[in-house]
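J.: Please read through the structure below; I'll follow up with questions.
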Amino acid sequence: MAEQIVPVTVSVRGLCRNFDAHVAVREIDLELKRGEVLGFLGPNGAGKTTIMRMLTGNLAPTAGSIEICGIDLLDKPRDAKARIGYLPETPPLYRELTVREYLHFAGRLHRINSPSIDSAVDKVIQRCGLNDSAKRLISSLSKGYQQRIGIAQAIIHNPDVIILDEPTVGLDPNQIREIRTLIRELGSEHSVILSTHILPEVESICDRVQIVHEGRVVFCGSVDGLKLKGTSLEEVFTRFTMNPKISESFSSL
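In this note's numbering, the protein residues as written are 5 to 257.
Now the structure itself:
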């Protein structure tokens, strides 16, 4: 029986970004397949946010290519962006709207047609555990629920790729656990890129991890590979952000 081929949803080659004389991102390569959750780690100022902005089409690269489901993001931005769902660190919420009103608005922004929008809203409300809050004003909800709404707007159009930037920052332990469970569930059907600085979050959610330091990828490997070697992600992170030269002992992970 032939092995099933898992489609590549994100392909990045030689991605660079300069700000005048400052080189913020240098020769980034990245590949992601459907059903994978990739953890994106790096210290403050490493270039993570710049990379996220380029991957979502909000910032043009100085050099390199980005393909989303085989569509060139630079050549066909509208088509490529339609395959992406994005949750920035601060969710783009309108607090004076109810949850349902806001998700209708988000659906229209994603060009979901009128006959389908009600069912799309119902689906993400159910998926993100917002049933009891659907008629409430966003301003009346906790930060944990507002983060759920942010994820709901990112997935309302059923994107192939979901990009989440620090989705659990500022949440309490129960809220963090609930959001992590939701991300794991999303990762079974979509491709997810999770940008975070919380190492246990990557260990509990992600299949693979890339560590960025000074605009470069200094480590790329599987979370299970680290566990098999008896190596903690904290050890790897410290090693490569303090001394970003990749050693032979980690090169095969």
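Even glycine gets a Cβ: it sits at the ideal position worked out from N, Cα and C.
#1: Kindly identify the DSSP beta-bridge partner or partners of Ile88.
#2: Kindly list the residues whose CB is nearer than 6 Å to the CB of Ser15, restricted to its own chain and excluding five residues on each side of it in sequence; keep chain order.
#3: Between the segment 57-70 and the segment 225-233, can you find at least three pairs of beta-carbon atoms closer than 8 Å?
#4: Could you check which residue in Ala156, Gly148, Gly43 and Val222 has the C-alpha nearest to that of Glu182?
#5: In terms of alpha-carbon separation, which member of Val196, Pro81 and Arg104 lies closest to Leu141?
#6: Between which two residues does the alpha helix (DSSP H) containing Ala158 stretch?
#7: Can we say the segment 14-29 touches the segment 183-192, given the rule of at least three CB pairs closer than 8 Å?
#8: CB-CB under 8 Å to Arg87, same chain, minus the five flanking residues each way: which ones, in chain order?
#9: Looking at C-alpha atoms only, which residue of Leu78, Cys210, Pro95 and Pro47 is the closest neighbour of Gly39?
#10: Identify every residue that forms a DSSP beta bridge with Phe23.
#11: Going by other Cβ atoms of all chains shown within 10 Å of its Cβ, with 16 needed for buried, is Lys80 buried or exposed?
#12: Thinking just about the alpha-carbon of each residue, which of Glu100, Gln179, Glu93 and Met58 is nearest to the one in Ala84?
#13: What's the gap between the Cα of Val222 and the Cα of Ser146?
#14: If contacts are defined as beta-carbon pairs under 8 Å, then Ile159 and Thr172 qualify, I think. What distance do you get, rounded to the angstrom?
#15: By a C-beta neighbour count over all protein chains shown, 10 Å radius and 16 as the cutoff for buried, is Asp24 buried or exposed?
#16: Within a Cβ cutoff of 7 Å, which residues of the same chain sit near Ser208, ignoring the five residues on either side of it in sequence?
#17: Taking all protein chains shown into account, decide if Ser195 is buried (16 or more other Cβ within 10 angstroms of its Cβ) or exposed.
#18: Assuming the contact rule is C-beta atoms closer than 8 Å, Phe44 and Val227 should be a hit. Round their C-beta distance to whole Å, please.
T.: This is what the structure holds:
#1: Paired residue(s): Val165.
#2: Glu35 and Glu71
#3: no
#4: Gly148
#5: Arg104
#6: Per DSSP, Ala158 belongs to the alpha helix (DSSP H) from Lys147 to Ile159.
#7: Verdict: no, contact absent.
#8: Residues Thr13, Ile72, Cys73, Ile75, Pro163, Asp164 and Val165 of the same chain have their beta carbon placed closer than 8 Å to that of Arg87, with the five preceding and five following residues left out of the count.
#9: Nearest option by C-alpha distance: Cys210.
#10: Looking at the DSSP assignment, Phe23 forms a beta bridge with His26.
#11: exposed
#12: Met58
#13: Straight-line Cα distance between these residues: approximately 37 Å.
#14: That belief does not hold up - the Cβ atoms of Ile159 and Thr172 are roughly 17 Å apart, past 8 Å.
#15: exposed
#16: Arg184
#17: buried
#18: Not really, about 13 Å apart at Cβ, beyond 8 Å.
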